[in-house]
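The structure under discussion appears below in the form of structure tokens.
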Amino acid sequence: MEAVVVKGISKHYGKDRFVAVDNVSFTVNKGEIFGIIGPDGAGKTSLFRVLTTLLLPDGGEAMVDGLDVVKDFKQIRQTIGYMPGKFSLYQDLTVEENLNFFATVFKTTIKENYHLIKDIYVQLEPFKDRRAGKLSGGMKQKLALSCALIHKPTVLFLDEPTTGVDPVSRKEFWQMLKKLKNEGITILVSTPYMDEATLCDRIALMQKSEILAIETPQAIIDSFPKELYKAKSVSTPALLNDIKAWSDDIYAYPFGENVHFTFQKESINVEELRTYLYEKEHHNLEMEPDIPSIEDCFIHLLRA
Amino acid sequence: MKQFGAFVKKEFAHVFRDRRTLLILFGMPIMQILIFGFALSNEIKNTQLVVIDKAKDQASHKLINRIDASSYFEVSNIMLEEKDIEEVFEKGKLKLVLIIPAEFNLMLAHDKKASVQLIADASDPNTANLLKNYLAAILQDYQAELNGIGNGIGTESINIVPQTRMLYNPQLRSAHNFVPGVMALVLMLVCVMMTAITIVREKETGTMEVLLISPFKPWLVIIAKAVPYLVLSLVNVTTIVLLSVFVLQLPVNGSLFLLFAESTLFIITCLGIGIFISIKTNSQLIAMLISLIGMLLPTILFSGFMFPLENMPAVLQWIANIIPARWYYVIVKSVMIKGLGFSAIYLETLALVVIAAFFYALSIKNFKVRLA
């Protein structure tokens, strides 16, 4: 069963028809965590706003729960949950007041769906009389999720929920999503963080208004076409420059404190490169094959 | 309905937790009433008055003594020629000159009628007007006294006509009835600006996005946001009325119920404008600027509160007709000061209803259930 069906959705803005989403298609199955991974400005938020009926698409069609996002927007709004990228709760209301307000607006009570938000709310409880504006980033995010969940939506749209949240809170947040998935809620989540991609059931890599690939994270990694090497020495910038200078066939980029590189041709001898780098006085050089990550896949998809 | 209640409750929480807004909301009407009230109630005492007495007879002496005896004026000893009056005025030393014509006594005795000339420095119209009125009252008294004596002798009553010349500002207007003006101004500010800002704030912070995706009907969101400001504005009306009655001793001469009913209509009209602005704008700053420049300024200019409408060019008078405060100002003046009933103000009421209907219709037409 499909929870969300997107067929050739396009969205542009303004007089100069700036294209935000260009002919995007995908389907999300019921009870799936579907990630839309892409850098800032890729068009993730615009896509989400079209799917949540907040914006009209300029082309294509989309269905949420079998309902058309243009014609049946009223019914869709009854059933979905949406957490915008910006923290969008009332800063001057307390945690409890926010939750109560959204529960009432969605014609329910905190009690009724308490089981859904219990795990998060337990953490929020000590701060329930604190104003939402005075919460930490992670706490704000948890509160926003609670508010989006309070009416037990069938499909949950989370637009960059972990941006600006500390690593521990991010981890907890994703554990929450897994639990919600087990409750049968379909989750669409967008994120600029590549490491979160592997936590999704399936991901769509998005760049410059287009979707580059839709696969399970493992399938995307498996489809990485080349041998990947990682190299490390005292100075990463110098190492990167030297590797790039060695051959035109080599494609190298910084990756954390390492340099990742691939070859265009199979014929290149890694040992020759190692010798060359020793001559360039990279004495503490470590160089070995590496398993590609989602980010490596993304970088290569962008080059292709 | 429960949703609506929760919404209104939330809206009140916003207002009461924002100390600055609260201060503006309730402090402003009090401040304005007190400032306007005490600026205008300054009594004029012992003003220097120069009399050019061309008659120097019994009647003129009596009149001068009478003026000197009042607490308002002190007759100056300065000798002044008629041609020098303007020069003295220009120096700002003098506010009022009284010229008694030659053979004043004779005129009174024979013609039973005499004119005196009054020249006032009207660059400050309020003061000039007050002084003129005080002096006219003294002349009236004097006239009554003469008539009292004369009753035994002749049959015709004596008449002294003060001929007033207002220098520098011939179309003298007094900005008296400021309470209606302040009411119009305060309600305009609170209703238009605060409502516009509070709805736009939801757009700016992103909460509107969440509210739109909820079973709550979007237009109810807007009505729910307007309700608290209706209540708060009525509190303001009450404050202003109480202040004007007990502090300024300006009683409500007409029906209190009518005053509040008309105020409610005006508030609803202003809320409509505020809602319309909020629908059309996307940032609090722009909403505020439009409210201030688009509404507050025209309210001050065209309500008739500060500047008389009758003297404006026809085009501006036409513009004034679409300013709700212009009608409300007349309504409050009629009900509160003149003590008139509904029959006297039904046209003004109708004008407000039309303006309100116009803005609500426009708001409904322009209301967006989506973001862009």
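Those protein sequence lines, which keep their order, are chains D and L.
Quick note: to get this note's numbering, add 34 to the position in the first sequence (first position is 1).
Quick note: to get this note's numbering, add 100 to the position in the second sequence (first position is 1).
Glycine included, each C-beta is placed from N, C-alpha and C at the ideal position.
The model shown is predicted, which means the values in this text are computed figures rather than measured ones.
Delimiting residues of the beta strand (DSSP E) encompassing Val216 (chain L) = Reading the second sequence from its first residue, position 116 is the one you call residue 216 (chain L). Lys213 to Asp221 is the extent of the beta strand (DSSP E) around Val216 (chain L).
Would you mind giving the Cβ-Cβ distance between Glu111 (chain L) and Lys317 (chain L), rounded to the nearest angstrom? I have them listed as a contact below 8 Å. Residue mapping note: residue 111 (chain L) aligns to position 11 of the second sequence, counting from 1. Residue mapping note: residue 317 (chain L) aligns to position 217 of the second sequence, counting from 1. About 16 Å separates the beta carbons of Glu111 (chain L) and Lys317 (chain L), which is beyond the 8 Å limit, so they are not a contact pair.
**OP:** Under 6 Å Cβ to Cβ from Leu365 (chain L), same chain only, skipping five residues before and after it: list those, please.
**Re:** In the second sequence, residue 365 (chain L) corresponds to position 265, counting from 1. Once the five neighbours on either side are set aside, the close Cβ partners of Leu365 (chain L) are Leu452.
Cα-Cα separation, Glu410 (chain L) to Ser403 (chain L):
As a working note, residue 410 (chain L) is residue 310 in the second sequence. As a working note, residue 403 (chain L) is residue 303 in the second sequence. Going by the C-alpha atoms only, they are around 11 Å apart.
Q. For Gly394 (chain L), which of L:Ile124, L:Phe376 and L:Pro408 has the nearest alpha-carbon?
A. Residue 394 (chain L) sits at position 294 when you count from the first residue of the second sequence. The candidate whose alpha carbon is nearest that of Gly394 (chain L) is L:Phe376.
C-beta neighbour in chain L for Ala247 (chain D), strict 9 Å
Looking up residue 247 (chain D) in the first sequence gives position 213. So, not an interface residue.
Taking Cβ positions, are Gly115 (chain D) and Phe191 (chain D) nearer each other than 9 Å? Along the first sequence, one-based indexing puts residue 115 (chain D) at 81. Along the first sequence, one-based indexing puts residue 191 (chain D) at 157. Here Gly115 (chain D) is near Phe191 (chain D), since their CB atoms are less than 9 Å apart.
### Task
Closer than 8 Å by C-beta to Met388 (chain L): which residues in its own chain qualify, once you throw out the five before and the five after it? Chain order, please.
Here residue 388 (chain L) corresponds to residue number 288 of the second sequence, with the count starting at 1. Closer than 8 Å at Cβ, skipping near neighbours: Met293, Ala296 and Ile297.
DSSP three-state call for Pro26 (chain D): helix, strand or coil?
The shown model of chain D, from 35 to 338, leaves out residue 26 (chain D), and the question about it has no answer.
| task | From the DSSP output, read off the bridge partner residues of Asp153 (chain L). | result | Taking the first residue of the second sequence as position 1, residue 153 (chain L) is located at position 53. Per DSSP, the beta bridge partners of Asp153 (chain L) are L:Ile200.
*Could you run through the segment 106 to 132 of chain L and flag, in chain order, every residue whose CB is less than 9 Å away from some CB of chain D?*
Result list: Ala106, Phe107, Lys109, Lys110, Ala113, His114, Arg117 and Asp118.
- Message: Does any residue of chain L have a CB that is nearer than 9 Å to the CB of Pro160 (chain D)?
- Response: Here residue 160 (chain D) refers to the residue found at position 126 when the first sequence is read from its first residue. The Cβ of Pro160 (chain D) sits no closer than 9 Å to any Cβ of chain L.
Do Pro398 (chain L) and Ile423 (chain L) have their beta-carbon atoms positioned less than 9 Å apart in this structure? Residue numbering aside, residue 423 (chain L) sits at position 323 when the second sequence is read from its first letter. Residue numbering aside, residue 398 (chain L) sits at position 298 when the second sequence is read from its first letter. Yes, Cβ-Cβ distance for Ile423 (chain L) and Pro398 (chain L) is below 9 Å.
Are the C-beta atoms of Glu291 (chain D) and some chain L residue less than 9 Å apart?
Reading the first sequence from its first residue, position 257 is the one you call residue 291 (chain D). Cβ-Cβ to chain L under 9 Å: no for Glu291 (chain D).
| request: Give the range of the beta strand (DSSP E) segment to which Ala54 (chain D) is assigned. | output: What you label residue 54 (chain D) is simply residue 20 of the first sequence in a count that begins at 1. Phe52 to Asn63 is the span of the beta strand (DSSP E), which, as asked, contains Ala54 (chain D).
| task | Inspect the beta-carbon positions of Val347 (chain L) and Ile135 (chain L) and report whether they are closer than 9 Å. | result | In the second sequence, counting from the first residue as 1, residue 347 (chain L) sits at position 247. In the second sequence, counting from the first residue as 1, residue 135 (chain L) sits at position 35. Against a cut-off of 9 Å, the Cβ pair of Ile135 (chain L) and Val347 (chain L) comes out as no contact.
Report task. List the DSSP bridge partners of Pro323 (chain D). Result -> Residue mapping note: residue 323 (chain D) aligns to position 289 of the first sequence, counting from 1. Under DSSP, Pro323 (chain D) shares a beta bridge with D:Tyr263.
> Val310 (chain L) touches chain D at which residues, Cβ-Cβ below 7 Å?
Replying inline: Taking the first residue of the second sequence as position 1, residue 310 (chain L) is located at position 210. Under the 7 Å cutoff, chain D gives Tyr116, Pro118 and Ser122.
Worksheet entry | Neighbour-count burial assignment, His185 (chain D), 16 or more Cβ in a 10 Å radius | On the first sequence, residue 185 (chain D) is found 151 positions in, with the first residue counted as 1. With 16 or more Cβ atoms within 10 Å of its Cβ, His185 (chain D) is classed as buried.
Open item on the list: For Ala106 (chain L) and Lys108 (chain D), I'd like the C-alpha separation in whole angstroms.
Closed with: In the second sequence, residue 106 (chain L) corresponds to position 6, counting from 1. In the first sequence, residue 108 (chain D) corresponds to position 74, counting from 1. Rounded to the nearest whole angstrom, the CA to CA distance from Ala106 (chain L) to Lys108 (chain D) is 21 Å.
So with CB distances below 8 Å, who are the chain L contacts of Leu88 (chain D)?
Locating residue 88 (chain D) in the first sequence gives position 54, counting from the first residue. Correct list: Glu309, Leu312, Ile313, Arg470 and Leu471.
- Where does the unbroken alpha helix (DSSP H) through Thr220 (chain D) begin, and where does it stop? By one-based count along the first sequence, residue 220 (chain D) stands at place 186. Counting along the chain, Thr220 (chain D) falls outside any alpha helix (DSSP H), though it belongs to the beta strand (DSSP E) covering Thr220 to Thr225.
- Is the segment 254 to 270 of chain D touching the segment 80 to 92 of chain D in the sense that three or more CB pairs, one from each, lie closer than 8 Å? No, they do not touch.
### Task
Check whether the segment 151 to 163 of chain L touches the segment 184 to 204 of chain L, counting contact only when three or more Cβ pairs, one atom from each stretch, lie closer than 8 Å.
Between the segment 151 to 163 of chain L and the segment 184 to 204 of chain L there are three or more inter-stretch CB-CB distances shorter than 8 Å, so the stretches are counted as touching.
- Extent of the continuous alpha helix (DSSP H) to which Pro201 (chain D) belongs: Along the first sequence, read from residue 1 onward, the residue named residue 201 (chain D) stands at position 167. Start and end: Pro201 to Asn216.
* Those residues which DSSP pairs with Thr296 (chain D) across a bridge -> Taking the first residue of the first sequence as 1, we reach residue 296 (chain D) at position 262. Thr296 (chain D) is bridged to D:Tyr285.
Counterpart residues of Tyr312 (chain D) in DSSP-defined beta bridges: Residue numbering aside, residue 312 (chain D) sits at position 278 when the first sequence is read from its first letter. Looking at the DSSP output, Tyr312 (chain D) shares a beta bridge with no other residue.
Are the beta-carbon atoms of Ala182 (chain D) and Val310 (chain L) separated by less than 9 Å? Numbered from 1 along the first sequence, position 148 holds the residue referred to as residue 182 (chain D). Numbered from 1 along the second sequence, position 210 holds the residue referred to as residue 310 (chain L). Their beta carbons are under 9 Å apart, which means Ala182 (chain D) touches Val310 (chain L) by this criterion.
**OP:** Determine the chain L residues that contact Gln112 (chain D) at a beta-carbon separation under 7 Å, and present them in chain order.
**Re:** The residue you call residue 112 (chain D) lines up with position 78 of the first sequence. Near Gln112 (chain D) (Cβ distances below 7 Å), the residues of chain L are Pro315.
Practice task
Grab the span of the alpha helix (DSSP H) containing Val98 (chain D) for me, first residue to last.
Solution key: The residue you call residue 98 (chain D) lines up with position 64 of the first sequence. Not the alpha helix (DSSP H): Val98 (chain D) falls in the beta strand (DSSP E), residues Gly93 to Val98.
task: Note down the Cα distance separating Ala236 (chain L) from Leu196 (chain L), rounded to an integer number of angstroms.
output: Working through the second sequence from its first residue, we reach residue 236 (chain L) at position 136. Working through the second sequence from its first residue, we reach residue 196 (chain L) at position 96. Ala236 (chain L) and Leu196 (chain L): Cα-Cα distance of roughly 12 Å.
Secondary structure at His46 (chain D), three-state DSSP: helix, strand or coil?
Along the first sequence, read from residue 1 onward, the residue named residue 46 (chain D) stands at position 12. Strand.
Notebook entry, point to check: What does Thr545 (chain L) reach in chain D if we use C-beta pairs closer than 7 Å?
Noted result: Since the first residue of chain L shown is 101 and the last is 472, residue 545 (chain L) is not available in this structure.
Checklist entry - If the cut is a Cβ gap below 9 Å, which residues of chain D does Lys102 (chain L) touch? => result One-based indexing of the second sequence puts residue 102 (chain L) at position 2. Under a criterion of Cβ atoms nearer than 9 Å, the residues of chain D adjacent to Lys102 (chain L) are, in order, Thr138 and Lys141.
Answer with yes or no whether the minimum CB distance from Thr298 (chain L) to chain D is below 9 Å. Translated into positions along the second sequence, residue 298 (chain L) becomes position 198. No, its Cβ sits nowhere closer than 9 Å to a Cβ of chain D.
Short CB-CB distance (under 9 Å) between Asn134 (chain D) and chain L: Taking the first residue of the first sequence as position 1, residue 134 (chain D) is located at position 100. Yes - at least one Cβ of chain L is within 9 Å of the one on Asn134 (chain D).
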